[in-house]
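Going by mature numbering (1 follows the signal peptide of the UniProt record, and there is no 0), the letters in the sequence shown line up with residues -20 to -1, 1 to 106, in that order.
For each residue, glycine too, the CB sits at the ideal point set by N, CA and C.
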Amino acid sequence: MKRLAGYRMMLLAAATAAVGAGAGADTTRPGNIQITIGFEDGKSIPEGRLVVHLDDPAGRRQTGTTAESDGKATRISLFLPSVPDRSSPRQVVAQLQRADGWLLARGSAQLEGDAPVAITLYTVMY
């Protein structure tokens, strides 16, 4: 019986590794844009929903992604899906929203080729 349990554990470990490799492959695919988001003065990013999107020169949204902030992290890394045309200047915009939709913070950075993008969020004042 012990040998059968060992065989099952090996199969389970192999299946888990295969699923994990498949999940990670999508985020590191060539062409995806790596984004790192921080908050002003290196503080923790407040709790809320991060909405990150790419604007074209005319200010229209092209592609985007979201992430959740638990209020404890000082940096959040994520990936934007690849875009077909990177020749014209584009801007990556990040917004932090509360659960009720109110805007808490905003930041942006210029996209330059395949280089990773770092965005600092600044508190929005009304």
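Mark valine 97 as exposed unless 16 or more other C-beta atoms lie within 10 angstroms of its C-beta, in which case mark it buried.
buried
Within 10 Å of its beta-carbon, does serine 49 have 16 or more other beta-carbons around it, so buried, or fewer, so exposed?
buried
Alpha carbon to alpha carbon, how far is isoleucine 56 from isoleucine 25?
8 Å
Pick helix, strand or coil for glycine 93, following the three-state DSSP scheme.
In this structure, glycine 93 counts as coil in the three-state DSSP scheme.
Identify which residue in His33, Ala74 and Asp36 has its Cα closest to the Cα of lysine 17.
According to the sequence as given, residue 17 is isoleucine; it is not lysine. The shortest Cα separation from isoleucine 17 among His33, Ala74 and Asp36 belongs to Ala74.
What first and last residue would you give for the beta strand (DSSP E) that runs through aspartate 35?
28 to 35
Under DSSP, the beta strand (DSSP E) around alanine 74 begins and ends at which residues?
70 to 77
Identify which residue in Ile15, Trp82 and Met105 has its Cα closest to the Cα of valine 32.
Among Ile15, Trp82 and Met105, the Cα nearest to that of valine 32 belongs to Ile15.
Excluding the 5 residues flanking glutamine 90 on each side, which residues of the same chain have their C-beta closer than 7 Å to its C-beta?
Pro69 and Gln71
For glycine 87, which of helix, strand or coil comes out of DSSP?
Under the three-state reduction of DSSP output, glycine 87 falls in the strand class.
Could you give the distance in angstroms between the alpha-carbon of alanine 85 and the alpha-carbon of threonine 43?
20 Å
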